[in-house]
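Engineer: Below is the structure I would like to discuss, written out as structure tokens.
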Amino acid sequence: MCWKYSDFIPITFMLGFYVTLVVGRWWNMFKNIGWVDSFALLVCVYVKGGDEKARMIRRTIARYVCLAQVMAFRTISISVRKRFPTFDSLVDAGMYLLRFSHNSFAHFYALSMLRKQIWYLEKSEKERFEDRKYWLPIKWSMDLIQIAQIENRIPSHHAVKEMYKEILSFRNKLVSLVHFDWVPVPLVYTQTVCLTVRLYFFIAAFGRQYIESEEHPQQWPLDAFFPFLTTVQFICYVGWLKVAEALLNPFGDDDDDFECNWVIDRNLQVCHHLQKRSS
């Protein structure tokens, strides 16, 4: 009876739809993880000047975009949160231009633009709401591009538009990641699929045995003492489920999750090398 009616459980449909949903979310997260190469190249090409101030403008614009990524990753990635647990840890890592000398460009920029923003982020840190302010560095970088345009360091309005467009595209990717983390796969759906798969093979363990009784006498000699097909089915279905479980939260701290800290370091290195080559 169990053998006869076990196929009525729509395990293939449920598991296939669930794995498709999880893998689709995982792939969309990967596509939105954010790479600064295009934006850093635009900054190097469009922001002219070989003096110290021009180099600091290019470096600061790119660094603030990387800072926005770090602040967004802190809300969704366990490993990044462990690496940057507080606002001071971001400062120590060089993500903020808060410690400067009076003769540097950072001092000029802080006096003209950043004083209020820095105070706002410090206040947010005390209130434990700083994670929601990842859009602020995007605003700072756009303001700095505007300053560079006023100082005639950017040749045209088209160049400003292109850099703004790239910044907003990068920002939209960060927002998509935050939204994916905010609205996960419904827990009841995951529980239903996991329970269905386990229940199916629990029934199969009893229903697919060769049992001889008076009502069902053995009509042919027994030639299989091991359930080969059931074992293959178990490997396929349970392996399918394990793949979905491994991809369900790619921003964790498991070995198969995204290396968010590597992405952060890589983006910072790309910005640094590009600005160094353009100087």
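In this note's numbering, the protein residues as written are 9 to 287.
Even glycine gets a Cβ: it sits at the ideal position worked out from N, Cα and C.
Measure the alpha-carbon distance for Val246 versus Thr239 and round it to whole angstroms.
Structural biologist: Here the question's residue 246 lines up with position 238 in the sequence shown. Here the question's residue 239 lines up with position 231 in the sequence shown. In a straight line, the C-alpha of Val246 is about 10 angstroms away from that of Thr239.
Engineer: Looking only at C-alpha atoms, which of Thr68, Pro18 and Asp273 sits nearest to Ile146?
Structural biologist: On the sequence shown, residue 146 is found 138 positions in, with the first residue counted as 1. Out of Thr68, Pro18 and Asp273, Thr68 has the C-alpha closest to the C-alpha of Ile146.
Engineer: Is Thr200 helix, strand or coil by DSSP?
Structural biologist: Here residue 200 refers to the residue found at position 192 of the sequence shown. Looking at Thr200 - three-state DSSP - the assignment turns out to be helix.
Engineer: Which of the three DSSP states, helix, strand or coil, is assigned to Ile41?
Structural biologist: Locating residue 41 in the sequence shown gives position 33, counting from the first residue. If DSSP states are grouped into helix, strand and coil, Ile41 belongs with coil.
Engineer: Taking only the alpha-carbon atoms, compute the straight-line gap between Glu138 and Ser184 and give it to the nearest angstrom.
Structural biologist: Within the sequence shown, numbered from 1, the residue matching residue 138 stands at position 130. Within the sequence shown, numbered from 1, the residue matching residue 184 stands at position 176. Interpretation of Glu138 is limited by its pLDDT of 47, a score under 50 that renders its predicted location unreliable; no figure is taken from the coordinates.
Engineer: Can you give me the C-alpha to C-alpha distance between Thr28 and Leu144, rounded to a whole angstrom?
Structural biologist: To locate residue 28, count along the sequence shown from 1; it is residue 20. To locate residue 144, count along the sequence shown from 1; it is residue 136. Whole-angstrom Cα-Cα distance: 35 angstroms.
Engineer: Taking Ser87 as the reference, give the member of Gln283, Arg66, Leu276 and Ile272 with the closest Cα.
Structural biologist: Within the sequence shown, the letter at position 79 stands for residue 87. The shortest Cα separation from Ser87 among Gln283, Arg66, Leu276 and Ile272 belongs to Ile272.
Engineer: So what's Ile65 in DSSP terms, helix, strand or just coil?
Structural biologist: Counting from one through the sequence shown, the residue named residue 65 turns up at place 57. Residue state, collapsed to three classes: helix.
Engineer: Any idea what DSSP makes of Ser149, helix, strand or coil?
Structural biologist: Sequence index remark: in the sequence shown, residue 149 carries index 141 (1-based). Helix, per DSSP.
Engineer: How should Ala213 be labelled, buried or exposed, when 16 other C-beta atoms within 10 angstroms of its C-beta is the threshold for buried?
Structural biologist: On the sequence shown, position 205 is the one that residue 213 refers to. Its Cβ having fewer than 16 others within 10 Å, Ala213 is exposed.
Engineer: Within the same chain, show all residues whose beta-carbon is closer than 6 angstroms to that of Ile17, passing over the 5 residues directly before and after it, in chain order.
Structural biologist: For this step, residue 17 is matched to residue 9 along the sequence shown. Correct list, in chain order: Tyr208.
Engineer: Any chance the region 157 to 174 sits against the region 21 to 39, with 3 or more Cβ pairs inside 8 angstroms?
Structural biologist: Touching, no, given that fewer than three Cβ pairs across the two stretches are closer than 8 angstroms.
Engineer: Mapping DSSP to helix, strand and coil, what is Lys141?
Structural biologist: In the sequence shown, the residue the question calls residue 141 occupies position 133. Lys141 falls in the helix class under three-state DSSP.
Engineer: Does the distance from the CB of Arg5 to the CB of Val55 come in under 7 angstroms?
Structural biologist: Not covered by the structure: residue 5. The range shown for the chain is 9 to 287.
Engineer: Leaving out five residues before and five after Val278 in sequence, what residues of the same chain have Cβ atoms less than 7 angstroms from its Cβ?
Structural biologist: As a working note, residue 278 is residue 270 in the sequence shown. So the qualifying residues of the chain are Val44, Asp45 and Ala48.
Engineer: If you drop the 5 nearest sequence neighbours on each side, which residues of the same chain put their C-beta closer than 6 angstroms to that of Asn40?
Structural biologist: As a working mapping, residue 40 is identified with position 32 in the sequence shown. Only Lys181, Ser184 and Leu185 meet the Cβ criterion.
Engineer: Go through its chain and collect everything with a Cβ distance to Asp265's Cβ below 6 angstroms, but skip five positions before and after it.
Structural biologist: Taking the sequence shown and counting its residues from 1, one reaches residue 265 at position 257. Closer than 6 angstroms at Cβ, skipping near neighbours: Pro258.
Engineer: To the nearest angstrom, how far is it from the Cα of Ala366 to the Cα of Val196?
Structural biologist: Residue coverage of the chain in this structure runs from 9 to 287, which leaves residue 366 outside it and unanswerable.
Engineer: For Gln157, which residues from the same chain have a beta carbon less than 6 angstroms from its beta carbon, with the 5 sequence-adjacent residues on both sides left out?
Structural biologist: Numbered from 1 along the sequence shown, position 149 holds the residue referred to as residue 157. Excluding sequence neighbours, Gln157 sits near Val168.
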